[in-house]
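Asks: In our numbering, the protein residues as written are 5 to 182.
Quick reminder that beta carbons are idealized off the backbone N, C-alpha and C, glycines included.
Structure provided below as structure tokens; questions to follow.
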């Protein structure tokens, strides 16, 4: 009789355990994004078949599994536009995050295209594939000697196309040639 009760209890426990969900708790330390490589005072080059296409300098660069972070970084990007084939875009920021082809520049962002355009803003997104920079924050800048202000910047660096919402341009006509 005791054996039958024991077998019945085992049967009931096995049926209950069969329908009870199992929690797969992942250890919190394994869940954290751990840095794969850390560089201090780094300079990184991107090359193609002909020349250097991009140079990145930073005080500290950290590579994670799915993103890169750079502190006090400067991106030198070779730009191709209709007018000139050898222009340089220089973008600097206090913090830069790269996820796939998208760069996110945060805090004290300064964008320079050669010597004719300078933009300053708090945040800027730049896609390395499409060569388009955009944001939705206020910015100030200079185009040659003229000043411009606005929000929601959109800048196509290949087509040299620029647009903005709430834009305000101040053109200095005194210094222009007739």
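Mapping DSSP to helix, strand and coil, what is residue 197?
Replies: This structure cannot speak to residue 197, because the chain is shown only from 5 to 182.
Asks: Given residue 102, which residues of its chain have a CB within under 7 Å of its CB, disregarding the five upstream and five downstream residues?
Replies: Within the same chain, residue 102 has close Cβ partners 71 and 72.
Asks: Pick from 97, 64 and 131: whose alpha carbon is nearest that of residue 105?
Replies: 131
Asks: Go to residue 2, then tell me how far its beta strand (DSSP E) extends in each direction, as first and last residue.
Replies: Given that the chain is displayed from residue 5 to residue 182, the structure contains no residue 2 and the question cannot be resolved.
Asks: If I'm right that residue 147 touches residue 120 with Cβ under 8 Å, what's the distance once you round it to whole angstroms?
Replies: 7 Å
Asks: Residue 116 and residue 94 look like a contact to me (Cβ under 8 Å); what is the Cβ gap, rounded to whole Å?
Replies: Right, the Cβ-Cβ distance comes to about 4 Å (below 8 Å), so this counts as a contact.
Asks: Can you say whether residue 41 is buried or exposed, counting buried as having 16 or more other CB atoms within 10 angstroms of its CB?
Replies: exposed
Asks: Is the Cβ of residue 69 closer than 8 Å to any Cβ of chain D?
Replies: Absent from the structure: chain D. Only one protein chain is present.
Asks: Roughly how many whole angstroms lie between the Cα atoms of residue 14 and residue 108?
Replies: Approximately 59 Å, taken between the alpha carbons.
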